[in-house]
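Numbering (the numbering used here), first residue to last: 8 to 212. Note that the Cβ used here is the ideal one computed from N, Cα and C, for glycine as well. Report on one structure; see the data block that follows.
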């Protein structure tokens with residue numbers, strides 16, 4: 008195996024550290040956007056999470072000439088035809104708080120019985136080389152949207168997302184547990200295998 012540099016395409020240092028921890032035992036040097044002086048924001052004009060993850064990964068790989076890891080994630084509610092989906096982070100418009108977005112979603116689901124309130128959190132990780140060649144990995148956590156928030160941990164839609172397999176909302180779980188079973192963690196575990204394969208094959212950008 009040969010060491011290579013992997014750019015984690017995020018301006019969020021916490022997310023970069025989370026991914027660096029996951030990949031810590033691989034012979035890769037993990038850097039993130041601020042460390043390499045990148046201030047540009049990649050376009051997120053895709054209609055799906057896969058398209059957005061690929062857009063971001065290819066944009067920053069071409070911009071930095073580094074192998075790049077990027078992700079996109081969202082909440083997909085079956086009764087809302089998959090909304091908010093790719094628009095999860097900005098659902099309802101710019102400037103809303105997490106609590107306000109949860110309130111909006113609950114309002115849209117008023118009167119819908121629990122058996123029809125199924126949903127999933129989905130995360131897609133894209134790995135791209137500067138040449139444009141890219142691979143994707145996906146992680147999904149299945150759940151149900153409650154009628155009121157529960158728990159004060161987590162962020163986003165965590166307080167209204169009940170995971171039956173855990174008998175809790177994601178906002179009720181300790182961070183270390185959530186980070187182990189989350190859609191991001193599951194996608195990252197799959198994406199790690201892609202990085203391992205690139206290392207094994209000595210494919211370097």
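Residue state for residue 107 is assigned as helix, using DSSP reduced to three classes. With 16 or more other Cβ atoms inside 10 Å of its own Cβ, residue 66 counts as buried. Around the Cβ of residue 19, a 10 Å sphere holds fewer than 16 other Cβ atoms; the residue is exposed. Each residue's CA atom was taken as its position, placing residue 133 and residue 158 some 31 Å apart. Secondary structure at residue 207: helix, using DSSP grouped into helix, strand and coil.
Rounded to whole angstroms, residue 91 and residue 81 show a C-alpha spacing of 7 Å. With a contact defined as Cβ atoms closer than 8 Å, residue 153 and residue 167 qualify at about 5 Å. Nearest C-alpha to residue 150 among 88, 172, 79, 141: 172. Taken in chain order, the complete alpha helix (DSSP H) segments of 4 residues or longer contained in the region 24-91 are 56-71.
From the listed residues 51, 52, 21, 54, the smallest Cα separation to residue 38 is found for 21. Annotation: residue 89 to residue 184 spans about 26 Å, alpha carbon to alpha carbon.
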